[in-house]
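S.K.: Adding 155 to a residue's 1-based position in the sequence shown gives its number in this note's numbering.
Glycine is no exception: its CB is placed at the ideal position from the N, C-alpha and C atoms.
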Amino acid sequence: YMFFRFMKSIENNFDNPRVNTLLHYHFYQLRSNSPEGSTHVLDIEGLKVPSIKFWSIWDEEKLIGCGALKFLEKGHGEFKSIRIADEFRNKGYGIKLLNHLIMEAKRNGINKISLETGAGNFFIPARKLFERAGFKTCRPFAHYKIDINSCYYSKDI
């Protein structure tokens, strides 16, 4: 369906070559910027499990970005694989993507969202985005442990 101007959301379209390319680039960058054992990114097969919903966001034929919602316990979800394509970075699309994912989470019965991101310099833009969207730092949740390479956030929605 359409949201914002000219933007549409497509669920679970992993087979789209552009989505595939963006996700592989995302995985590569995260793994190359996080120490072994501190990388919590899921591969495409990991995103296809029933406890996760995934969306890609488009402007006509251009892929803006993607994100996923993992269902934890009742009412609690985790955002995974949030990524904006390079050509759309620093143009306000990150907050639009987050707002869309929050709307989808609410629609799916979620009232608290948590997420994990890296603590290094590479992840500064992501942390700034989450803080701007009202996420607050929190303790590790679900299966996560205290890790100097990870930052944890949550928000009631």
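#1: Using 10 angstroms around the beta-carbon of Ala260, count the other beta-carbons present and answer buried if the total reaches 16, otherwise exposed.
#2: Find out if the Cβ-Cβ distance for the pair Phe290, Tyr308 is shorter than 7 angstroms.
#3: Taking the straight line between their C-alpha atoms, what separation do you get for Met157 and Gly249?
#4: Going by DSSP in three states, Leu197 sits in which element: helix, strand or coil?
#5: Where do the N-terminal and C-terminal ends of the beta strand (DSSP E) with Ser269 fall, by residue?
#6: Can you name the residues that DSSP bridges to Phe226?
#7: Let me make sure I understand the geometry here. Which of Glu242, Phe209, Glu228, Asn266 has the alpha-carbon closest to that of His97?
#8: Is it buried or exposed for Ile268, if we count other Cβ within 10 angstroms and need 16 for buried?
M.R.: Working from what's here:
#1: Its Cβ being crowded by 16 or more others within 10 Å, Ala260 is buried.
#2: yes
#3: Below a pLDDT of 50, predicted positions are generally treated as unreliable, and Met157, at 46, falls in that range; no measurement from the model is reported.
#4: coil
#5: 267-273
#6: Answer is Gly232.
#7: Look at the range of the chain in this structure, 156 to 312, and you will see that residue 97 is not part of it.
#8: Buried, because 16 or more other Cβ atoms sit within 10 Å of the Cβ of Ile268.
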